[in-house]
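> Got a structure for you, written out below as structure tokens; questions coming shortly.
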Amino acid sequence: MDDRTIDTIAMQLTRLQRIRDRTAAQLSTWTKDGLDPAAFGALIRLCCDGPMRSGALAGALHSDASTVSRQVAQLVGKKLVERQADPADGRATVLVVTERGRAVAEEIRRRRNENLTRVMAEWTPQARADFAGLLEQFVDDFERTRPEMIAAMRRNWDETFTGTENDT
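In UniProt numbering, the protein residues as written are 1 to 168.
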């Protein structure tokens with residue numbers, strides 16, 4: 001793959017992230033009940049994967065425990081999720097989506113799908129299917145190679161900006 005193609009992909013990913021960040025910022029100003037839009041990701045994950053401990057949720061979301069803890073507190077406060085004793089270990093708790101939480105998650109999913117349908121309204125069904133497959137492959141490969149990328153970026157940073165080599 002040539003540099004120009006890679007540059008285009010990188011620029012478009014950066015552009016998409018900026019658009020998503022601006023959209024999230026706008027949504028957070030409209031959320032009158034104080035629920036962080038990022039908490040919806042935790043709700044959706046719990047709906048898809050079922051009950052789990054907070055630490056497992058943080059891992060599934062690729063997030064840190066303190067961030068997920070804040071999101072879970074919001075979800076519990078809004079009665080979208082509840083804490084229940086872990087059947088495998090009664091000393092621990094698992095997070096369980098409530099009926100209300102499932103209804104909210106379904107409404108979020110419906111609206112998200114309406115918005116994505118609007119974005120791709122002029123695409124052919126084949127183009128949408130191709131994009132879905134390529135995006136899934138890209139995300140899978142990104143996740144698989146992430147540890148290598150981080151290690152390489154760390155080495156490159158150290159060599160470029162500090163003049164030292166780092167073998168970590």
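For each residue, glycine too, the CB sits at the ideal point set by N, CA and C. Bear in mind that the values here come from a model prediction, so they are computed numbers and not experimental data.
Okay, do the region 42-60 and the region 81-96 touch, 3+ Cβ pairs below 8 Å being the bar?
yes
> Would residue 138 be called buried (16 or more neighbouring beta carbons within 10 Å of its own) or exposed?
Against the sequence shown, residue 138 aligns to sequence position 138. Classification for residue 138: exposed.
> At 3 residues or longer, and completely inside the region 43-101: list those beta strand (DSSP E) runs for me, N to C.
81-86 and 89-97
> Does DSSP put residue 123 in a helix, a strand or coil?
Looking up residue 123 in the sequence shown gives position 123. Looking at residue 123 - three-state DSSP - the assignment turns out to be coil, as it is neither helix nor strand.
> Take the Cβ of residue 101 as the centre, count every other Cβ of all protein chains shown within 10 Å, and call the residue buried at 16 or more, exposed below.
To locate residue 101, count along the sequence shown from 1; it is residue 101. With 16 or more other Cβ atoms within 10 Å, it is buried.
> By how many angstroms is the C-alpha of residue 15 removed from the C-alpha of residue 40?
Here residue 40 refers to the residue found at position 40 of the sequence shown. Here residue 15 refers to the residue found at position 15 of the sequence shown. Computed Cα separation, rounded: 23 Å.
> How many Å lie between residue 155 and residue 103 at the Cα?
Along the sequence shown, read from residue 1 onward, the residue named residue 155 stands at position 155. Along the sequence shown, read from residue 1 onward, the residue named residue 103 stands at position 103. Cα-Cα distance, rounded: 47 Å.
> What does the Cβ neighbour count give for residue 129, buried or exposed, with the cut at 16 atoms within 10 Å?
To locate residue 129, count along the sequence shown from 1; it is residue 129. So residue 129 ends up on the exposed side.
> Of the residues 136, 21 and 87, which one's Cα is nearest the Cα of residue 37?
For this step, residue 37 is matched to residue 37 along the sequence shown. Here the closest residue by C-alpha is 21.
> Could you tell me how far apart the beta carbons of residue 68 and residue 75 are, in whole angstroms, since I believe they sit closer than 8 Å?
Indexing the sequence shown from 1 puts residue 68 at position 68. Indexing the sequence shown from 1 puts residue 75 at position 75. With a Cβ gap of about 10 Å, residue 68 and residue 75 do not count as contacting.
> Assign residue 57 to buried or exposed, taking buried as 16 or more other Cβ atoms, counted over all protein chains shown, within 10 Å of its Cβ.
The residue given as residue 57 occupies position 57 in the sequence shown. It counts as buried.
> Throw me the rounded Cβ distance for the residue 27 and residue 42 pair, which I believe falls under 8 Å.
Indexing the sequence shown from 1 puts residue 27 at position 27. Indexing the sequence shown from 1 puts residue 42 at position 42. Not confirmed; about 15 Å, so no contact.
> With a threshold of 16 other CB atoms inside 10 Å of the CB of residue 119, please say whether the residue is buried or exposed.
Counting from 1 along the sequence shown, the entry for residue 119 is found at position 119. Exposed, since its Cβ has fewer than 16 Cβ neighbours within 10 Å.
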